[in-house]
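*Asks:* Mind having a look at this structure? Questions to follow.
Numbering (our numbering), first residue to last: 17 to 243.
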């Protein structure tokens with residue numbers, strides 16, 4: 017039988033921890049996992065207890081959660097297949113990138129050790145997802161910039177490395193104003209309230225139109241600073 021990862025609830029928890037820590041540079045605690053999975057904190061507590069028992073996560077005295085080597089490898093496998101599915105949906109099937117995350121989530125567990133290399137061959141061994149995230153195992157350099165657009169100062173210039181893939185409303189806006197991986201951004205002004213970013217005015221791809229971003233839209237884009 018083809019080898020597949022089939023426990024969806026466990027895989028969703030592990031990949032959420034992987035994305036929060038590895039892709040977003042966040043400290044992982046139960047509340048963040050519950051929020052991302054949109055489930056009750058009590059349910060997450062029970063899940064984390066089982067993951068710890070099965071040596072998939074470690075939880076320290078401050079309740080910070082990290083993947084064990086076993087948990088990391090399992091999460092990486094599911095994330096790899098998810099991002100390969102995203103590439104296939106967008107590049108081969110012509111699906112709009114806005115819908116790719118949700119559709120790939122349905123497909124990731126259907127990809128086996130037999131079908132995965134066939135998909136890789138079909139796609140020409142891609143290294144990045146449509147959202148700019150590295151596909152685990154497809155590149156030797158998987159280090160990510162953790163600089164968010166909301167952290168750039170007035171006058172700074174950068175290239176979009178990746179955008180948050182799980183929020184359809186955000187993606188609709190990003191698509192409308194061409195805030196996609198590879199696009200360039202010039203920060204015109206930054207407004208702050210009590211020291212926190214309230215809005216960021218930018219120009220995209222050296223255009224002429226000013227685009228205004230609130231803190232949520234600005235903080236879910238990761239950048240490579242160019243100046």
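Cβ atoms here follow ideal geometry from the backbone N, Cα and C, with glycine treated the same way.
Keep in mind it's a predicted model, so treat the numbers as computed, not measured.
If you drop the 5 nearest sequence neighbours on each side, which residues of the same chain put their C-beta closer than 7 Å to that of residue 240?
*Replies:* Within the chain shown, the letter at position 224 stands for residue 240. Correct list, in chain order: 161, 174, 175, 177.
*Asks:* Classify residue 130: buried if its beta carbon has 16 or more other beta carbons within 10 angstroms, exposed otherwise.
*Replies:* Residue 130 sits at position 114 when you count from the first residue of the chain shown. Per the 10 Å Cβ criterion, exposed.
*Asks:* What does the alpha-carbon distance come out to for the pair residue 17 and residue 101?
*Replies:* Numbered from its first residue, the chain shown carries residue 17 at position 1. Numbered from its first residue, the chain shown carries residue 101 at position 85. Bear in mind that a pLDDT of 48 at residue 17, under 50, signals an unreliable position, so the number given afterwards is only what the model happens to contain. Cα-Cα distance, rounded: 21 Å.
*Asks:* Touching or not, the segment 202-219 and the segment 230-237, by the rule of three or more beta carbon pairs under 8 Å?
*Replies:* Yes: at least three Cβ pairs fall under 8 Å.
*Asks:* Using the beta-carbon count (16 or more within 10 Å), is residue 32 buried or exposed?
*Replies:* Translated into the one-based positions of the chain shown, residue 32 becomes position 16. Buried, by the Cβ-count rule.
*Asks:* Would you report the Cα separation of residue 203 and residue 104, rounded to the nearest angstrom?
*Replies:* Looking up residue 203 in the chain shown gives position 187. Looking up residue 104 in the chain shown gives position 88. Residue 203 and residue 104: Cα-Cα distance of roughly 34 Å.
*Asks:* Tell me whether residue 196 is buried or exposed, calling it buried when 16 or more other Cβ atoms sit within 10 Å of its Cβ.
*Replies:* Taking the chain shown and counting its residues from 1, one reaches residue 196 at position 180. Buried, because 16 or more other Cβ atoms sit within 10 Å of the Cβ of residue 196.
*Asks:* Can you grab the Cα-Cα spacing for the pair residue 24 / residue 57, in whole Å?
*Replies:* Residue mapping note: residue 24 aligns to position 8 of the chain shown, counting from 1. Residue mapping note: residue 57 aligns to position 41 of the chain shown, counting from 1. Approximately 18 Å, taken between the alpha carbons.
*Asks:* Note the first and the last residue of the continuous alpha helix (DSSP H) segment covering residue 83.
*Replies:* For the purposes of this step, residue 83 is taken as residue 67 along the chain shown, with counting starting at 1. Premise fails: residue 83 lies in the beta strand (DSSP E), 81-83, not in any alpha helix (DSSP H).
*Asks:* Counting beta carbon pairs with one atom in the segment 61-71 and one in the segment 119-128, are three or more of them shorter than 8 Å?
*Replies:* In short, these stretches do not touch, since the Cβ pair count stays below three.
*Asks:* Could you pull the start and end residues of the beta strand (DSSP E) that residue 215 belongs to?
*Replies:* Within the chain shown, residue 215 is the residue found at index 199, counting from 1. Its beta strand (DSSP E) spans residues 212-220.
*Asks:* Going residue by residue through the segment 91-142, where are the continuous alpha helix (DSSP H) segments of at least 4 residues, counting only ones entirely within it?
*Replies:* Counting whole runs of 4 or more residues, the segment 91-142 contains the alpha helix (DSSP H) stretches 116-123, 131-139.
*Asks:* So, at 6 Å on beta carbons, what are the nonlocal neighbours of residue 152 in its own chain, with the 5 sequence-adjacent residues on each side left out?
*Replies:* Along the chain shown, one-based indexing puts residue 152 at 136. Closer than 6 Å at the Cβ level, and outside the excluded window around residue 152, lie 92, 95, 96.
*Asks:* Would you identify the three-state DSSP class for residue 56, choosing helix, strand or coil?
*Replies:* Along the chain shown, one-based indexing puts residue 56 at 40. Of the three classes helix, strand and coil, the one that applies to residue 56 here is coil, per DSSP.
*Asks:* Within the same chain, show all residues whose beta-carbon is closer than 6 Å to that of residue 29, passing over the 5 residues directly before and after it, in chain order.
*Replies:* Taking the chain shown and counting its residues from 1, one reaches residue 29 at position 13. The answer, listed in chain order, is 63.
*Asks:* How many Å lie between residue 36 and residue 208 at the Cα?
*Replies:* Indexing the chain shown from 1 puts residue 36 at position 20. Indexing the chain shown from 1 puts residue 208 at position 192. Approximately 26 Å between the Cα atoms of the pair.
*Asks:* Could you please give me the residues that DSSP links to residue 200 through a beta bridge?
*Replies:* Position 184 of the chain shown holds residue 200. For residue 200, which the question treats as bridged, DSSP gives the partners 175.
*Asks:* Drop a sphere of 10 angstroms on the beta-carbon of residue 166, count the other beta-carbons inside from all chains shown, and report buried for 16 or more, exposed for fewer.
*Replies:* Here residue 166 corresponds to residue number 150 of the chain shown, with the count starting at 1. It is buried - the Cβ of residue 166 has at least 16 other Cβ atoms within 10 Å.
*Asks:* Where does residue 239 fall in DSSP's three states?
*Replies:* Looking up residue 239 in the chain shown gives position 223. Residue 239: strand per DSSP, three-state reduction.
*Asks:* Tell me the DSSP secondary structure of residue 229 in three-state form.
*Replies:* On the chain shown, residue 229 is found 213 positions in, with the first residue counted as 1. Of the three classes helix, strand and coil, the one that applies to residue 229 here is strand, per DSSP.
*Asks:* What three-state label does DSSP hand residue 70 in the structure shown?
*Replies:* As a first step, residue 70 is located in the chain shown; it is residue number 54 there, counting from the start. Residue 70 falls in the coil class under three-state DSSP.
*Asks:* Pull the bridge partners of residue 75 from the DSSP assignment, please.
*Replies:* Counting from one through the chain shown, the residue named residue 75 turns up at place 59. Answer is 81.
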